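Structure first, commentary second.
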Amino acid sequence: MKFGVVLFPESNCGRDVLHVLRTVMKQEVVELWHKDTALPDFSVGDCLVLSDGFASRDNIGSEENTPFSPIINAVIDFANNGGYVLGICNGFQLLCEAGLLPGKLLKNESQKFICKNVHLKTMTNHTAITSQIDPDLVLKIPIAHEQGRYHAEETVVNEMDTNEQILFKYCDEHGVINTAANPNGTLANIAGICNKNRNVFGLMPKPERASEAILGNTDGRLLFDSLLTTAKVEMAAG
Amino acid sequence: MQQSESPITVETAKKLGLSSDEFERICEMLGRIPNNTELSIFSVMWSEECSFKNSIFWLKTLPREGKSILKRAGKEYPNLIDIGDGLACTFLMESQNYPSSIEPDQETGTRVSGIHRNIFAMGARPIASMNSLRFGNIESNHTKDIVKTVVKGIGDYGNGIGVPTVGGEAYFNNSYNQNILVNAMSVGIVNAGDLDSNIVEGSENPVFIVSARTGEEASCSYPFQEKTLLEATLEIIKTGSVIGMQKIGKAGITESMCQIISKNAMGMRIDLDKIPAIEVSRMLVVAKKGEEQAILDTYAEWDLSCEQIGEVTDTGQCEFWSNDEKIAELPVEMLVKGGGAPVYERAFKKPRYTKNISKFNIRQISTPKDIIKVAKKVFSSPNIVSRRWIYEQYDSMVGTNSMGSVEPSDAALVRIKGTNKALAITTDCNSAYVYADPYVGTMIAVAEASRNIICSGGIPVAITNCLNFGDPNDPEVYWQFVHAIKGMGDACRKFRTPVLEGDVSFYNQSIFEDKTESIYPTPVIGMVGILEDVDLKTTLNFKSEGDLIYMLGNSYNDVGSSEYLRTWHGIQYSPVPHFDMHEEYEIQSRIKELINQGLLESAHDVSEGGLFVNLMESAIVGGFGFQVETVETFKKDAFLFGESQSRIVVSIQPNREDDLQNFLISNNVSFTKLGEVFGNEAIIDEINFGSIEEWKRVYENTLSEKIEGK
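Below you can see the structure in the form of structure tokens.
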């Protein structure tokens with residue numbers, strides 16, 4: 019499995035993902051520039067990561083018909099062919115706007131930016147990115163966003179529920195999913211989802227910030243470990 | 007030379023904020039009357055902000071040298087700290103008090119971002135920032151509104167740039183009701199080999215102004231511009247074609263020119279017609295003649311505009327041209343601080359209010375019967391409870407270097423990628439202490455900063471500062487200023503922490519119909535330390551049930567200037583808490599040794615709110631209760647809530663008790679065994695103060711309830 023991390027001029031979080039995948043996880047990572055229009059070196063089984071890009075999106079044009087950086091069309095094609103795509107935070111927002119994930123992310127209920135560690139419950143391990151996570155384990159991973167309140171039509175959410183597309187929900191430190199543990203007013207405490215084909219993932223929490231013992235925060239690594247383990251199994255299965 | 011239409015007189019100078027003496031001085035030094043443009047340049051360059059004319063005499067007494075200052079090839083770099091591994095660290099604090107008081111949000115953000123530009127103009131990558139904030143009474147609606155807008159302003163801009171806000175301070179006090187303080191600090195890292203030393207040798211080198219493009223992209227956000235300017239600037243430094251670089255700050259282009267050229271007695275010619283009309287995110291860059299293209303190409307790639315506006319000369323003059331006509335020509339030397347700019351040594355006298363302080367006698371303070379009630383009152387002060395309502399609006403973890411998001415330390419720890427080291431960063435100033443005694447209060451600010459770094463596992467290396475005071479022409483205010491500087495100098499000499507560039511902000515005051523009231527003198531200290539090995543990281547939270555709790559350092563019957571005295575007894579005038587520099591230095595050295603020996607499970611210094619608050623913080627973060635005994639020979643209120651300095655609470659595993667005691671006894675360290683980490687309640691002298699869970703709710707929610715009413 020090879021990773022491609024999409025970078026924008028303002029990329030901060032993208033560089034954090036790059037650091038974790040390359041230096042901590044020791045993976046092969048290709049830096050992709052948002053102005054790239056094709057992804058010739060990537061094939062199914064590889065994984066693209068989008069972790070920021072909102073400022074560029076705003077910057078490239080406010081016209082309805084050009085909301086995205088050029089690379090987004092290539093990302094859409096890649097996802098439709100079955101390649102893994104992971105959107106974190108701003109990247110999750112972009113994947114929703116690009117139609118790769120259902121629903122959208124609204125401004126936090128408090129109308130404020132929120133950065134803190136939150137607790138998460140894994141709702142399914144039938145996906146590549148959660149396959150190695152014990153569902154009873156309460157994860158501690160930070161969020162940092164002003165626009166992370168997930169919203170979708172009721173029918174969409176019901177369908178996602180049935181299909182086990184909801185990956186993570188915010189919970190308290192004991193694993194109880196309740197209103198008090200909902201940091202931003204998100205629908206049904208939803209923190210992360212995947213698409214019906216289970217190859218496109220969107221997360222508001224930032225696992226790259228919780229992947230090193232030196233930071234005292236390592237639960238995020240379980241997501242990357244899951245992804246790599248699944249990829250190995252798939253490779254072996256041919 | 008172009009002459010202005012109306013004659014230049016002392017009245018013109020006064021309108022520009024220059025005094026008649028200063029106007030005379032200008033005419034005398036120039037040997038002629040300046041024209042209007044030239045006079046305007048003087049008014050900027052001789053302003054308080056640029057010339058430090060009311061402070062520089064005393065600032066020069068501060069220690070600037072130390073073994074931590076970077077030296078390369080026989081040259082000293084006064085604002086860079088050698089941190090080994092071929093790396094240097096630079097940091098700076100700056101005031102943005104006035105725009106924040108008048109119109110927060112937009113302005114605050116602009117200036118907070120500006121602080122990072124100081125850092126990357128030196129070729130360093132900003133890796134952390136802090137804010138030191140002072141607001142008025144939290145019960146007032148005005149304060150609540152201003153807190154919301156200032157915090158949002160800092161967040162909106164800071165969060166986009168990708169530099170984490172890793173800590174800071176926020177205090178509330180009536181003295182800031184009309185004049186809040188917003189001080190920002192940025193810390194950066196640079197490869198010592200890449201240093202842009204701002205040596206502008208060789209005339210005819212071209213001068214560029216770099217800025218975000220206007221036009222179709224003008225709508226792009228400010229932090230986005232600042233971020234691209236940062237990345238592009240760090241990239242052009244690698245080309246080797248840059249020989250000088252300076253942020254264009256609040257005083258505009260002249261100040262930046264002078265800063266670049268004054269060090270080398272060069273001159274500069276600027277064509278005013280070529281300067282683009284943009285207000286923010288600007289840099290002045292001097293390139294090597296003939297190697298401009300690499301710089302132009304890089305900025306173009308980042309969609310930034312880079313225009314040549316002039317060139318370096320060997321005349322020692324600042325020249326401004328417009329329409330092929332020289333409209334101003336002034337010797338650089340005359341404009342700059344330490345050169346022609348005036349230096350005032352103001353008169354000072356001991357303020358009258360200090361008499362009220364001397365009258366205080368602790369024997370008049372009766373120990374309250376219901377100590378639990380006192381604890382609740384002190385603990386719920388906005389100056390004690392968690393400031394998470396503020397800091398959760400800042401991105402504190404971007405960059406994946408923040409080491410304290412789960413288990414915090416007294417200072418913020420920031421890992422340095424590619425090394426086994428970390429920086430320890432803190433800002434400190436209890437202005438009530440400084441008000442009570444500027445000399446000792448400022449020594450305490452330095453000492454506490456150092457203590458925070460030591461308790462986190464680091465060694466202090468240097469400080470920066472932001473000195474916030476009232477009107478320097480008021481002798482009572484100047485007395486505070488002079489004594490604060492003396493205290494800072496003495497403390498920095500003791501801790502061997504040289505003073506890097508900082509900032510001074512005067513005229514912070516509230517004006518009423520019949521009087522003017524200055525803010526509490528607030529010399530904020532920003533200190534950086536280094537952890538030679540990240541494994542030395544020491545955190546403040548209790549770790550396991552059964553661990554023993556010791557307090558190291560002397561106890562005193564002292565409640566001076568404590569939060570307890572203000573909140574419970576309503577006493578405004580009392581002496582600064584007990585402080586002895588020798589005692590302080592000794593206790594810090596011993597803590598350092600204990601950390602090196604790996605004996606401590608936690609370390610946390612006793613500060614605002616006293617021992618009670620100290621224990622409660624370690625308990626809340628750790629998720630454990632405690633069972634402790636006070637010492638009968640001290641007044642219980644002083645023992646629990648007094649703020650006498652140089653005390654550090656540590657916890658150890660029970661099987662290390664002999665090791666700890668042997669160490670303390672053989673090193674003559676005073677200590678008190680307080681008790682142990684136990685259960686999930688706070689028990690003091692067998693009285694149950696209630697569950698830690700309940701205290702945690704108060705700790706975490708009080709500030710948001712006060713500010714937002716929920």
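The listed protein sequences correspond, in order, to chains A and B.
According to the working numbering, the stretch in the first sequence is residues 19 to 256, in order.
According to the working numbering, the stretch in the second sequence is residues 7 to 716, in order.
Virtual Cβ for every residue (Gly too), placed ideally from N, Cα, C.
Since the structure is predicted, the reported quantities are computational estimates derived from the model, not experimental observations.
- Query: Using a beta-carbon distance below 9 Å, is Asp34 (chain A) in contact with chain B?
  - Reply: yes
- For the stretch 587-595 of chain B against the stretch 517-529 of chain B, are there 3 or more C-beta pairs whose distance is under 8 Å? no
- As assigned by DSSP and simplified to three states, the class of Phe60 (chain A): coil
- How about Ala162 (chain A): is its C-beta nearer than 9 Å to some C-beta of chain B? yes
- Measure the alpha-carbon distance for Phe29 (chain B) versus Cys56 (chain B) and round it to whole angstroms. 17 Å
- Query: Distance, Cα to Cα, Asn458 (chain B) vs Val318 (chain B)?
  - Reply: 46 Å
- Task: Within the same chain, show all residues whose beta-carbon is closer than 7 Å to that of His169 (chain A), passing over the 5 residues directly before and after it, in chain order.
- Result: Gly121, Lys122, Leu124, Leu205
- Return the CA-CA distance between Ile460 (chain B) and Asp320 (chain B), expressed in angstroms with no decimal places. 49 Å
- Query: What beta strand (DSSP E) runs, 3 residues minimum, are completely inside the stretch 631-707 of chain B?
  - Reply: 632-634, 654-658, 677-683, 687-690, 693-697
- Message: For the pair the stretch 637-655 of chain B and the stretch 606-616 of chain B, tell me if three or more CB-CB distances fall below 8 Å.
- Response: yes
- Query: On the three-state DSSP scale, how would you describe Gln314 (chain B)?
  - Reply: strand
- Is there a Cβ from chain B that is less than 9 Å from the Cβ of Gly234 (chain A)? yes
- Starting from the C-beta of Cys264 (chain B), find all residues in its chain whose C-beta is less than 6 Å away, skip the five residues before and the five after it, and write them out in chain order. Val338, Leu341, Val342
- Query: If you draw a straight line from the alpha carbon of Glu81 (chain A) to that of Pro88 (chain A), how long is it in whole angstroms?
  - Reply: In this prediction, Glu81 (chain A) has a pLDDT of 39, which is less than 50 and means its spatial position is unreliable; what the coordinates show is noted afterwards. One C-alpha to the other measures close to 14 Å.
- From B:Pro40, B:Asn560, B:Glu237, pick the residue whose C-alpha is nearest to that of Ile333 (chain B); which is it? B:Pro40
- Query: Gln183 (chain A): which of A:Lys250, A:His163, A:Ile208, A:His192 sits nearest, CA to CA?
  - Reply: A:Ile208
- Item | Arg131 (chain B), enclosing beta strand (DSSP E) - first and last residue | 131-141
- How should Glu307 (chain B) be labelled, buried or exposed, when 16 other C-beta atoms within 10 angstroms of its C-beta is the threshold for buried? exposed
- Task: Would you check if the stretch 571-581 of chain B and the stretch 465-485 of chain B touch, i.e. whether three or more CB-CB distances between them fall below 8 Å?
- Result: no
- Item | Sequence-distant residues of its chain with Cβ nearer than 8 Å to Gly345 (chain B) (five each side left out) | Ser268, Val338, Glu339
- Item | Neighbour-count burial assignment, Ser229 (chain A), 16 or more Cβ in a 10 Å radius | buried
- Item | Buried or exposed (CB count within 10 angstroms, at least 16 for buried), Gln486 (chain B) | buried
- Confirm, please, whether the CB-CB distance from Gly532 (chain B) to Asn471 (chain B) is below 9 Å. yes
- Beta-carbon proximity of Arg227 (chain A) to Asn235 (chain A), cut-off 9 Å: yes
- Item | Three-way DSSP call (helix, strand, coil) for Pro110 (chain B) in this model | Here the model assigns Pro110 (chain B) a pLDDT of 47, short of 50, so the residue's position is not dependable and the matter cannot be decided.
- Task: From the DSSP output, in three-state form, read off His37 (chain A) for me.
- Result: helix
- Closer than 8 Å at the beta carbon, the chain A residues around Tyr400 (chain B): Phe131, Cys133
- Query: First and last residue of the beta strand (DSSP E) that includes Ser57 (chain B)?
  - Reply: Unbroken run through Ser57 (chain B) is the alpha helix (DSSP H), 54-57; no beta strand (DSSP E).
- Message: 9 Å is my cut-off, CB to CB: does His37 (chain A) come that close to chain B?
- Response: yes
- Message: With a threshold of 9 Å between beta carbons, is Val704 (chain B) in contact with chain A?
- Response: no
- Local conformation of Glu592 (chain B) per DSSP, three classes: helix
- Task: Look at the alpha carbon of Met19 (chain A) and the alpha carbon of Gly109 (chain A), and state the distance between them as a whole number of angstroms.
- Result: 20 Å
- Between the stretch 683-697 of chain B and the stretch 616-630 of chain B, do three or more beta carbon pairs fall short of 8 Å? yes
- Query: Taking the Cβ atom as the reference point for each residue, do Pro229 (chain B) and Val420 (chain B) lie within a distance shorter than 9 Å?
  - Reply: no
- Would DSSP call Trp574 (chain B) helix, strand or coil? coil
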